[in-house]
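Protein sequence lines, in the order shown, are assigned to chains A and B. Residues in the first sequence are numbered consecutively from 1, following my numbering. Residues in the second sequence are numbered consecutively from 370, following my numbering. Single-structure report; data block below.
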Amino acid sequence: MLSRVAESLFWMSRYVERAENTARFLDVNFNLLLDLNRITPTENPDCWIALTVATSDPEKFESLYGEYSARSVTDYLVFNRSNSNSIISCIGLARENARSIIESISSEMWEQINNLYHLLQTMRPENVQNDPFSFYREIKNASHLFQGITDNTMARSQGWDFIQVAKYLERADNVTRLIDVKYHMLTPQTSREAIGLISSVDIIQWMAVLKSCSALEAFKKVHLSRIKPENILEFLILDKTFPRSIHFSIGAAKEALWRLSGNSTQKNLSNSDRLIGKMEAELSYTTVEDIMERGLHDYLGDIKQRLQKAGEQLHLVYFAYHTPEIEPQDESKALPFTGVAGGRANWSQAQQQQQQQFSLRKNRARNNA
Amino acid sequence: MKRFFDGYHPEASRFFDEVMTGEGSPRPHYDKLLSRFGQFSVDDIKARREMVNIYFRNQGITFTVYGLEEGIERLFPFDLIPRVVPSEEWALIEKGLTQRITALNLFLHDIYHTQKILRDKVIPPELVLGSPHFRREFVGITPPRGIYIHITGSDIIRDGEGNHLVLEDNLRTPSGVSYMLQNRQAMKRAFPVLFEKYKVRPVENYPQELLRTLQEVAPHGRGNPNVVVLTPGIYNSAYFEHSFLARQMGVELTEGRDLVVNDNMVYARTTRGLERVDVIYRRIDDDYIDPLMFRPDSKLGVAGLINAYRKGNVTLANAIGTGIADDKVIYSFVPKIIRYYLGEDPILQNVPTWLPGNPSDLKYILEHLDTLVVKAANESGGYGMLIGPESTTEEQERFAELIVKNPRNYIAQPTISLSRHPSLFNDSELYGCHIDLRPYVLNGKTTTIVPGGLTRVALKRGSLVVNSSQGGGSKDTWVVDE
């Protein structure tokens, strides 16, 4: 498989997953605020700051909007095209990547991503304000449909594995951010050392965190109704069976990576195989007490960093394939996770169109015989 | 049958009408079509239109004004009434194009080797050697099997008497073949009954024939050659076609940055390392294909590709430097080229062409600017063209000046009224629209022309312009066995 094709598949998948998670976060935040209506007004900026921190760049937000409110944050995270992590940007980029490799994905996959893109073009902020629930459900369902179509129409070859790695790396990253931010927001400074003591308001809020991962029911099956922060953290970080937990996601990413490299043993591991494998192993032998002892924020920060590093190594192993004797690699260009790229750069756009205009001119000249 | 074509006026005195004779009766090969369409109501047509539109949209066959900000996508205008070409007419086109391509290929081989045709004074040497499309870097280089032109899309028109004339040979990177294939798919869905009534010859094997042709011209000794398509990228208007053909052939679609040259071999960068590439079906113009050889600012090309090509380690289809043979000035010599290399009379005629370089032609052109069409010989000239009957005196004067100043850069042709074919407006109104035909010729071990081609339609009333950017569309072309 061409490295460029693999990279585009990877980014297509990541952007779809990112859009879905952003929709989940927003959805739950709305619900939560409705539940808390008696205590705090929906426009309470605190509730929206955390979301902006978890999903995007708060400084950029502040420079654009100034004030945190349901309206401004929704606009920023859903519709703002200058926010490369907004839902509309993610789907646009996912579609652009899909379009550049349309011959490598099934036509059903293309149709689904294309439909979602066109649906978003017709949406206006009023649609979301009037009926946020339906809107976010639509985005989530569209993403699930895309993943289901992928599972059912794509051959289990390298391309499929790149899609899986991307999806699970992105999911692990997003869930890590969500827990980190919610933990800070939900646990009052004074009681952070004694998280056993929580009020009913806290329970509602923690339930919201679970809901945003579609995890509430699965959680109850394991922990019944003992909604305590450490149980929830254990479930979202360490559970081996729930498909949106960090442990599960990293495990699934590892499996896809090992299929890609053909490594069933632990010989000749590439850097990306090794980093992800190590994280997976560590998660298998970690308890929630270990995490609390180290400090949750610190622990999650470490996971975030290691995910990023694994992504960079993956890029070097599979996408930035180069032969040093032909073209020395410029290290600074090998960091994909900071950009929005997905490989599509603007520099060639002008020339591609130039060639096109060139032939248009030619056609015009021809057609007037 | 009467109903549907009742309101149709062929204006046979002014144009050759593909469907109706001068007496207003249908040509025999259109009988079945007319009787079938006669059974349709407006709603029937609308339903079929919708079917076709959904097919095109789902296939992503749209023209795109593309950007992340907002995608404006239009369907390529498609006329539901197919063009029917009887087999004897097609046999003539097939024979004529095969003859033409064979001669043009011999011409290119000669021009890039001994240049006998120039020494024999059949063509003035300065016309060839002075052309911007002549690539002197390739003199003495022989591509595999001596083939320069692997894929051609020649534009054929019909004059007032219905004679087939070649308007232009596209010998570089002709496009549109994907529309030929998609139009056929759409028509089979929308008009299965009519399709069955005609014995329409299939075009579906084009991608396989293309792949076979490309494999046949692989560098010597490369068994099971690795073929790729090379595209400028997704912003190119023909990107859909590039990706469609790669998918249909089952080969990789590559961009310049996917390929790398090492030790004069071309490789693709893959997730499992470098993979040797043997044949490149390139849809990038010569100028952009290798920044080391041509435009140094090209970001679309592959550095070092041309050296690999010159060493014979990779085949480019079409070869570099074929543009010299579809230069508009050289075009006027094609009948002579056919006679010179094959000793035969041309089967398909050219549109009469005057060259301002000849003093007698120049005089004629300057005296008849109000009736002629004047074209720049190579499109990069950029001064466009003059359509005599539609031009003002000032424009004619300006062109007269340009022609006298740079005679090599222009040609003149009579204003030809292309043949017309009834087309549907708003799915209810019939109107005669001007059409041309672009069949696709594949040239490997043997020459193959799939029976059909892209019939382009000037869907604006009275317009002679079949280009898509100016309201042009297309229709399916049925070569029938009968």
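Glycine included, C-beta positions come from ideal geometry on N, C-alpha and C.
DSSP puts residue i in a beta bridge; with which residues?
| i | result |
| --- | --- |
| residue 820 (chain B) | Beta-bridge pairing links residue 820 (chain B) to no other residue. |
| residue 780 (chain B) | B:744 |
| residue 802 (chain B) | B:790 |
| residue 311 (chain A) | Its beta-bridge partners do not exist; DSSP assigns none. |
| residue 174 (chain A) | Note: residue 174 (chain A) sits in no beta bridge, so no partner. |
| residue 846 (chain B) | B:452 |
| residue 124 (chain A) | DSSP, once it has assigned bridges, lists no residue as partnering residue 124 (chain A). |
| residue 916 (chain B) | There is simply no residue 916 (chain B) to check, as chain B begins at 370 and stops at 851 in what is shown. |
| residue 609 (chain B) | Answer is none; residue 609 (chain B) lacks a bridge partner. |
| residue 841 (chain B) | B:827 |
| residue 537 (chain B) | B:524 |
| residue 684 (chain B) | B:648 |
Residue i and residue j: beta carbons closer than 7 Å?
| i | j | result |
| --- | --- | --- |
| residue 81 (chain A) | residue 117 (chain A) | no |
| residue 270 (chain A) | residue 261 (chain A) | yes |
| residue 283 (chain A) | residue 310 (chain A) | no |
| residue 533 (chain B) | residue 717 (chain B) | yes |
| residue 522 (chain B) | residue 543 (chain B) | yes |
| residue 175 (chain A) | residue 50 (chain A) | no |
| residue 159 (chain A) | residue 9 (chain A) | yes |
| residue 704 (chain B) | residue 715 (chain B) | yes |
| residue 826 (chain B) | residue 448 (chain B) | yes |
| residue 164 (chain A) | residue 54 (chain A) | no |
| residue 653 (chain B) | residue 599 (chain B) | yes |
| residue 594 (chain B) | residue 648 (chain B) | yes |
| residue 13 (chain A) | residue 167 (chain A) | yes |
| residue 17 (chain A) | residue 170 (chain A) | yes |
| residue 387 (chain B) | residue 790 (chain B) | yes |
| residue 2 (chain A) | residue 627 (chain B) | yes |
| residue 153 (chain A) | residue 77 (chain A) | no |
By the three-class DSSP mapping on this structure, what secondary structure does residue i have?
| i | result |
| --- | --- |
| residue 716 (chain B) | coil |
| residue 650 (chain B) | strand |
| residue 523 (chain B) | strand |
| residue 374 (chain B) | helix |
| residue 507 (chain B) | helix |
| residue 548 (chain B) | helix |
| residue 430 (chain B) | coil |
| residue 356 (chain A) | With a pLDDT of 44 at residue 356 (chain A), under the threshold of 50, the modelled position of that residue is not reliable, and no figure is offered here. |
| residue 19 (chain A) | helix |
| residue 132 (chain A) | helix |
| residue 364 (chain A) | With a pLDDT of 42 at residue 364 (chain A), under the threshold of 50, the predicted position of this residue should be treated as unreliable, and no value is reported. |
| residue 469 (chain B) | helix |
| residue 724 (chain B) | coil |
| residue 571 (chain B) | coil |
| residue 447 (chain B) | strand |
| residue 660 (chain B) | coil |
| residue 253 (chain A) | helix |
| residue 334 (chain A) | Residue confidence for residue 334 (chain A) is low, a pLDDT of 36 falling below 50, so the modelled location carries little weight and cannot support an answer. |
| residue 754 (chain B) | strand |
| residue 13 (chain A) | helix |
| residue 875 (chain B) | What is shown of chain B runs 370 to 851, which leaves residue 875 (chain B) out entirely. |
| residue 119 (chain A) | helix |
| residue 387 (chain B) | coil |
So which residues of chain B does residue i contact, with C-beta pairs closer than 8 Å?
| i | result |
| --- | --- |
| residue 3 (chain A) | 627, 638, 639, 640 |
| residue 158 (chain A) | 640 |
Using a cut-off of 7 Å between C-beta atoms, extract the partners of residue i located in chain A.
| i | result |
| --- | --- |
| residue 624 (chain B) | 4 |
Strictly below 7 Å CB to CB, what residues from chain B border residue i?
| i | result |
| --- | --- |
| residue 111 (chain A) | 427 |
Open item on the list: At a CB distance below 7 Å, what residues from the region 304 to 319 of chain A approach chain B? Give them in sequence order.
Closed with: 318
- [ ] Pull out every residue of the region 94 to 107 of chain A whose Cβ sits closer than 7 Å to any Cβ of chain B, in chain order.
- [x] 96, 99, 100, 102, 103
- [ ] Check each residue of the region 609 to 621 of chain B: if its Cβ is closer than 7 Å to any Cβ of chain A, include it; give the result in chain order.
- [x] 612, 615, 616, 621
TODO: Anything in the region 584 to 612 of chain B with a Cβ closer than 7 Å to a Cβ of chain A? List those residues in chain order, please.
DONE: 601, 602, 603, 604, 605, 606, 612
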